[in-house]
Amino acid sequence: MSQISLNINGKTTTADVENRTLLVHFIREQAKLTGTHVGCDSSSCGVCTVLLDGNPVKSCTVFAIMAEGHEIKTVESLAPGGVLHPIQQAFWDQHGLQCGYCTPGMMMTSIALLEQNPNPSEHEIREGLSGNLCRCTGYNNIVKAVQQAATAMSTQAADD
Amino acid sequence: MTTEKHAMGKSMKRKEDPRFLQGKGNYIDDINLPNQLWMALVHSPYPHANIRGIDSSAAMEIPGAVAVVTSKELNAYKVGWLPTFHGLDKQMVLADGKVLYQHQEVAAVYAETREAAYDMAELVEVDYEPLPVMADPYKSMTDEVILRPDRENATNHIFNWNVGKKAETDAALEAADHVVKQHMTFQRCHAAPLETCGCIAEFDAMGRLQFYVTSQAPHVYRTALFLVLGIPEDKIRVISPDLGGGFGNKVPVYPGYVCAIAGALVLKRPVKWIETRTENLTSSFARDYHMDIEIGATKEGKVTALKVNTVADHGAFDAAADPSKYPAGMFGIVTGSYDFPNAYANLDAYFTNKMPGGVAYRCSFRVTEASYAIERAMDILADELKIDPAELRRKNFVQPEQFPYQSPLNFIYDSGDYEKTMNVALERIGYKELLKEQAEKRARGELMGIGLSTFTEVTGAGPSKHFDILGIKMFDGAEIRIHPSGSGIIRTGSKSQGQGHETTWAQIVAEELGLDPQNFLVEEGDTDTAPYGLGTYASRSTPVAGGALALAARKIREKARKIAAHVLEVSEHDLEWKDYKFNVMGAPSKSITMQEIAFAAYTNPGENEPGLEATLYYDPPNMVFPHGTYVAVVDVDRDTGETKVRRFLAIDDCGTIINPMIVEGQVHGGLTEGFAIAFMQEIAYDDEGNNLATNFTDYLVPTSLESPSWETGHTVTPSPHHPIGAKSVGESPNVGSPAAFVNAVIDALSPLGVKHIDMPLTREKVWSAIRNAEALAAD
Chain A
1 MSQISLNING KTTTADVENR TLLVHFIREQ AKLTGTHVGC DSSSCGVCTV LLDGNPVKSC
61 TVFAIMAEGH EIKTVESLAP GGVLHPIQQA FWDQHGLQCG YCTPGMMMTS IALLEQNPNP
121 SEHEIREGLS GNLCRCTGYN NIVKAVQQAA TAMSTQAADD
Chain B
161 MTTEKHAMGK SMKRKEDPRF LQGKGNYIDD INLPNQLWMA LVHSPYPHAN IRGIDSSAAM
221 EIPGAVAVVT SKELNAYKVG WLPTFHGLDK QMVLADGKVL YQHQEVAAVY AETREAAYDM
281 AELVEVDYEP LPVMADPYKS MTDEVILRPD RENATNHIFN WNVGKKAETD AALEAADHVV
341 KQHMTFQRCH AAPLETCGCI AEFDAMGRLQ FYVTSQAPHV YRTALFLVLG IPEDKIRVIS
401 PDLGGGFGNK VPVYPGYVCA IAGALVLKRP VKWIETRTEN LTSSFARDYH MDIEIGATKE
461 GKVTALKVNT VADHGAFDAA ADPSKYPAGM FGIVTGSYDF PNAYANLDAY FTNKMPGGVA
521 YRCSFRVTEA SYAIERAMDI LADELKIDPA ELRRKNFVQP EQFPYQSPLN FIYDSGDYEK
581 TMNVALERIG YKELLKEQAE KRARGELMGI GLSTFTEVTG AGPSKHFDIL GIKMFDGAEI
641 RIHPSGSGII RTGSKSQGQG HETTWAQIVA EELGLDPQNF LVEEGDTDTA PYGLGTYASR
701 STPVAGGALA LAARKIREKA RKIAAHVLEV SEHDLEWKDY KFNVMGAPSK SITMQEIAFA
761 AYTNPGENEP GLEATLYYDP PNMVFPHGTY VAVVDVDRDT GETKVRRFLA IDDCGTIINP
821 MIVEGQVHGG LTEGFAIAFM QEIAYDDEGN NLATNFTDYL VPTSLESPSW ETGHTVTPSP
881 HHPIGAKSVG ESPNVGSPAA FVNAVIDALS PLGVKHIDMP LTREKVWSAI RNAEALAAD
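Sequence order for the protein chains is A and B.
So in my numbering, spot 151 of the first sequence is number 151, and the numbers just go up one at a time.
To get my numbering, take the position in the second sequence, counting from 1, and add 160.
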C-alpha cells in the first residue's frame, strides 16, 4: 500500500492504495467521481477517458500512483455551477448520446481534440474519436455534436 | 380548426440527458452499500470436463477472503439449478459435477475488496478430467457424445419446431419453373453493451431482498427469483438503475446473480458483482442459425413457394429467451414482405459445448435470422433469373389492399405499403444512376455493388392468448398520476436502456391530455413502484407499454370529463375533447383545459371521486409489423478484398412517430450494429471448443472511423390496432441491414461468379472469394 495524493478537477484526494490500483478505480472509489466508467478490460472502449495534463488517457491503463503530480480532469469538471460546457450542450442538442455510458469519455476526448484542432473536418473528428466506442448512436450525431461544439467554442474564444 | 399536435411527432430534446452529460447517471457500478462484499467467479478453461474436485484452501489464505461457494453449497440450499425462461430446460448456476462449455461458472468467491476477490478466484484449484467436445451442431446431432445426461432423453436433440404446409410446399417447389437453394449461416454474435452486467444483493433487517441489477425486465426477475429461491414476492424488491445499453444482453437471469443473492443470504452482508468484459462476452450469445432455404418461382419471377430447414445451435442449456410457445421465436416471419402462396419452415435445435443463450439481440426473437434469410434468398433468385432485385421484389410484395394479411406461416400482418417505401428509397438513393455507374465500372473491371433489403418485422409481443414467459402473459402496465398543478408522474413496467423513455412516454401522455411533456417525471425499473410489466426487449415497449400509456391517459380524460362537466355546470354529454381541451358544444367560449381540471380534481371535484390518476394493463390484440427498405452501396477492392460502404440509406416505416430525433438515433445505432455483424463480429469457436472472441480485441465493435455515415428517412403506415398507430423501430435497423450489406457485396462480386459468402464479410473472406473465383475462371 502507498499513500498518494491526486489532483482531480482542482481538488486533492489523498488515500492509501495498492500499487496496482488503476487510476479509474481511484477516481471512482477514492475520489467518489462516478462519471468516469469502466467498459472493458483491454483498453479498447475508452469509456474511462479522462484528461491528464490536458491529454486524453484511458484511465484503466494508468496506475493511480503514476498520476501523482499531474492534473486530472473528469466529466464532473465540465459544468461548474451547472452551466453546461459547449460540448455537453452540443451532445444534448444533437442527440449525441443514448444510454450515456460512453458519453463522459467521448466528451473528454472531444475536448482534447478541439483543443488541438479547433476546426476539424468530419474525417478528423472520426479519426480523433476512434479510440472511444459507442454502441448506441452509430456516431453520426456524435460527429455533429463535435462540429457544433467546435463552432460554439471558437465563437466563445473570439468573444473572450 | 384543430391545433397542431403539440407533443407527439416533435423532436423534443431528451429529458434524461442532463444527468448523463454531467456524469451523474446512476449505473450499477456507481452503487455501493455499507459493509458490502465483492464477489468474483471462477471459470472453466475446458469446454467439456468432469470435475473431480475443487480445493479452495489456497484461495482462503488471501487477506480479506471470506468464502468460496460451489454447486455443493448451492445444492444444499436447493438453488443449484435455475429454470430457463421458457421453462423447458434448467441451467446450472455453478458447474455441478461437470462443465459443459468454456468459461462456465465453477465457483463463486467472496472477499472484502474487489482485488482480494479476483486474487481468490485465481487460486481456486479445480481438478478437471477433459471429455470429448461437440462444438458443432452437425457433430452433436450424431449423439456420439451425450452432453446432457441429466435430461430424460439421451439425445443432444432439444426440440423440433415447424410451421406451414409441408406437402403443399414440396409440391409447389416440384412444380416451379425455377428453384433457388442456398445454405447460409447467421453466425453466433453478442449484444455487447458497453456497460457489462452486474448486481448488488442485500437482505435488510426485515429479511427483505433488495436486489439492484442490470435488468431489462425487473418484474420478470422478481417473479423468477420467487420461483428459483422461494422468496415470497413481497420480500423482493428489484431495482434496475440506469443501464449502459442492453440490446437483449440484460434479459437473462445469469448465474452470477443467483450466487450474489445466495452469498448475501448466507454471509448476511451485501454482495456486489460486476461482470468483466470477458465474463460478459462468454455468458450468453445470439443467433447461430444454420439455414437451408429454397424458393420456387415462375420464370417471370413470381414466387410460388418457400421452404427453410434450420439447424439451431443452442449451446449447453436451452436458455433461449423465447416466449414459451415459440421455441424458434418469430422465425415464421421468414416469408417477409412477399406473398408466398405456400411456405414451410422446419427447425431442429441441438445442444453443443458452447455457452447457452439465444438471447433476442436487438431483435424480436429470431426475426433477424429470418429476415436475413429471405432477403438474401430473394437476391439470389433475382441473380439467377436475371431480374433486377428491386423489380423482383415489386412483383412479389404483399399489396396494401391485402392487409390485414394472413401469412402462410401464421401471422396476421397489420398494415404496410412496401412498394411505396421502396420507391421512396430508390428515388432518394438515385437507383437508376447507380445502376448506370455500376455498368460503367463493371466494364472497367471495378467491383461496385448495390444491395437492397425490403424487410418486414414482427414485434410487440404480445397478445396474451399466444405469448407468455414463465407462464406470465406478455402484457404491460402503465400508471399516470396528475398532480393538482397539471404536472404528473408516469410509471411503466418497461425499462429504458438508452431508448429515451423518459422523453417519449411523456410525449405520449402529454399529447393525450394536452399537458406539457416537460412537466412529467417518468419512472421505471423499481418493482416497488412500477406497475407489472414484462420489460423492454423485442421491440415491445412502444407497441405494448406505449399502448398502455395512451389508454391510461384516455381513462384519465374520461374522468376529467366528469369533473369538467361539474365545473362548467353542463352535462358531460355536452362536452367534446378538441384542441387539447374540453369545449361545450354549441358554446365556443366555454371550455376548460386539463390543467384547470387537474386543479379542480383536488379542489372542487363535486360529486366525483377526487384525484386524477389511472392504472391500466394493455393486452395488445395483435403484433405490429414495421417494415423498411434499406439500400447499401459498396466498393470492393479487387486486390485487397476490402469493402467500403460508400452510402447507406434506410427508409423505415414504424407507423406513427413519437419523436423523430429519437427514431433517427435508434436507426443510426441499429445500422451500426448491423454493419458490425455483416463485416466483423463473430463469436467463433475452434474444433476443440475454445471460444475465440472473449474481449474487445477479438470481438470487434466498430469505431467512428469505419462506421458509415447513415442516411435516413421514413414513410408512415400507422398500425390500425395500436392506440396511437405506432409500431416500433429500435430493432428494425439491426434486423434489416445485414442482408443489405451482404447483398451489396455479393452484387459487387457477382461478375466474378460469386454467389454467397457467410457473414462476417471480413477482408480475408472476401479476398479469398475473389481469388477462388479468379482461379475457377482461369481453369
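Every residue, glycine too, gets a C-beta built ideally from N, C-alpha and C.
Residues that DSSP places opposite residue i in a beta bridge
i: B/R174; result: Note: B/R174 sits in no beta bridge, so no partner.
i: B/A638; result: B/T652 and B/L776
i: B/F742; result: B/W737 and B/I752
i: B/G456; result: B/V339 and B/A465
i: B/N506; result: B/N322 and B/N469
i: B/I399; result: B/Y372 and B/D686
i: B/P290; result: B/A209
i: B/K184; result: None, per the DSSP bridge assignment.
i: B/Q566; result: B/I572
i: B/A886; result: B/G815
i: B/V791; result: B/L612 and B/L809
i: B/E871; result: B/L809
i: B/I629; result: B/I632
i: B/M344; result: B/M451
i: B/K804; result: B/D795
i: B/V940; result: No answer is possible for residue 940 of chain B: the residues shown for chain B start at 161 and end at 939.
Boundaries of the beta strand (DSSP E) in which residue i is found, first to last residue
i: B/V837; result: It should be pointed out that residue 837 of chain B corresponds to Ile in this sequence rather than to Val. No beta strand (DSSP E) contains B/I837, which is instead part of the alpha helix (DSSP H) from P820 to F839.
i: B/V680; result: In the sequence as presented, Val is not what sits at residue 680 of chain B; that position holds Phe. Element bounds for B/F680: F680 to E683.
i: A/Q3; result: S2 to I8
i: B/C359; result: G358 to F363
i: A/V17; result: K11 to V17
i: B/K432; result: V431 to I434
C-beta atoms of residue i and residue j nearer than 9 Å
i: B/A911; j: B/L607; result: This sequence places Pro at residue 911 of chain B; Ala is not what is there. Yes, the Cβ-Cβ distance between B/P911 and B/L607 is below 9 Å.
i: B/A272; j: B/L254; result: The amino acid at residue 272 of chain B is misidentified as Ala; the sequence shows Glu. The answer is no: Cβ separation not under 9 Å.
i: B/D482; j: B/F511; result: no
i: B/R174; j: B/G660; result: yes
i: B/M536; j: B/H916; result: One detail in the question is off: residue 536 of chain B reads as Arg in this sequence, not Met. Their beta carbons are under 9 Å apart, which means B/R536 touches B/H916 by this criterion.
i: B/G416; j: B/Y187; result: no
i: B/L441; j: B/N894; result: no
i: B/G829; j: B/T702; result: no
i: B/T614; j: B/T664; result: no
i: B/L709; j: B/V380; result: no
i: B/G658; j: A/V75; result: no
i: B/I493; j: B/E617; result: yes
Start and end residues, alpha helix (DSSP H) containing residue i
i: B/G646; result: Element bounds for B/G646: n/a, residue is neither H nor E.
i: B/M538; result: V527 to L545
i: B/L711; result: G707 to L728
i: B/V895; result: S892 to L909
i: B/V926; result: R923 to A938
i: B/P415; result: P415 to L427
i: A/I142; result: N140 to D159
i: A/Q30; result: Here A/Q30 belongs to no alpha helix (DSSP H), and DSSP marks it neither H nor E.
i: B/M582; result: Y578 to I589
i: B/T383; result: P378 to L389
i: B/Y697; result: First-last for B/Y697: undefined, no H or E at that position.
For the pair the region 48 to 57 of chain A and the region 65 to 73 of chain A, tell me if three or more CB-CB distances fall below 8 Å.
Counting Cβ pairs under 8 Å, three or more are found: they touch.
Open item on the list: To test your reading of the DSSP string, which unbroken alpha helix (DSSP H) runs of 4 or more residues are found completely within the region 43 to 113 of chain A?
Closed with: Correct list: 86 to 93.
Checklist entry - Quick one: any contact between the region 455 to 473 of chain B and the region 386 to 395 of chain B, if contact means 3 or more CB pairs under 8 Å? => result No: fewer than three Cβ pairs fall under 8 Å.
task = Pick out the complete alpha helix (DSSP H) segments inside the region 190 to 265 of chain B, 4 residues or longer, and give them in chain order.
result = Listed in chain order, they are 217 to 220 and 231 to 236.
Could you tell me whether the region 877 to 887 of chain B touches the region 844 to 854 of chain B, using the rule of 3 or more Cβ pairs below 8 Å? No: fewer than three Cβ pairs fall under 8 Å.
Segment contact flag, the region 511 to 523 of chain B with the region 245 to 264 of chain B, C-beta cutoff 8 Å, min 3 pairs
As far as the Cβ criterion goes, the region 511 to 523 of chain B touches the region 245 to 264 of chain B, which means the pair count is three or higher.
Contact between the region 423 to 433 of chain B and the region 719 to 734 of chain B is defined here as three or more beta-carbon pairs at a separation below 8 Å; is this criterion met? The region 423 to 433 of chain B is not in contact with the region 719 to 734 of chain B.
Check: Can you find at least 3 beta carbon pairs, one from the region 589 to 597 of chain B and one from the region 781 to 793 of chain B, that sit closer than 8 Å?
Finding: The answer is yes - the region 781 to 793 of chain B touches the region 589 to 597 of chain B, with three or more Cβ pairs under 8 Å.
Exercise. Touch check for the region 553 to 564 of chain B and the region 477 to 492 of chain B: three-plus C-beta pairs under 8 Å?
Worked result: Too few Cβ pairs lie closer than 8 Å, so no.
Three or more C-beta pairs below 8 Å linking the region 414 to 429 of chain B and the region 502 to 509 of chain B = Cβ pair count under 8 Å is below three, so no.
### Query
Are the region 766 to 785 of chain B and the region 899 to 907 of chain B touching by the rule of at least three beta carbon pairs closer than 8 Å?
With the cut-off at 8 Å, the region 766 to 785 of chain B and the region 899 to 907 of chain B do not touch.
### Message
Does the contact criterion of 3 or more C-beta pairs under 8 Å hold for the region 197 to 217 of chain B versus the region 279 to 298 of chain B?
### Response
Because the criterion of three Cβ pairs below 8 Å is met, the region 197 to 217 of chain B and the region 279 to 298 of chain B touch.
Given 8 Å, three or more beta-carbon pairs between the region 556 to 563 of chain B and the region 913 to 930 of chain B
No, the region 556 to 563 of chain B is not in contact with the region 913 to 930 of chain B.
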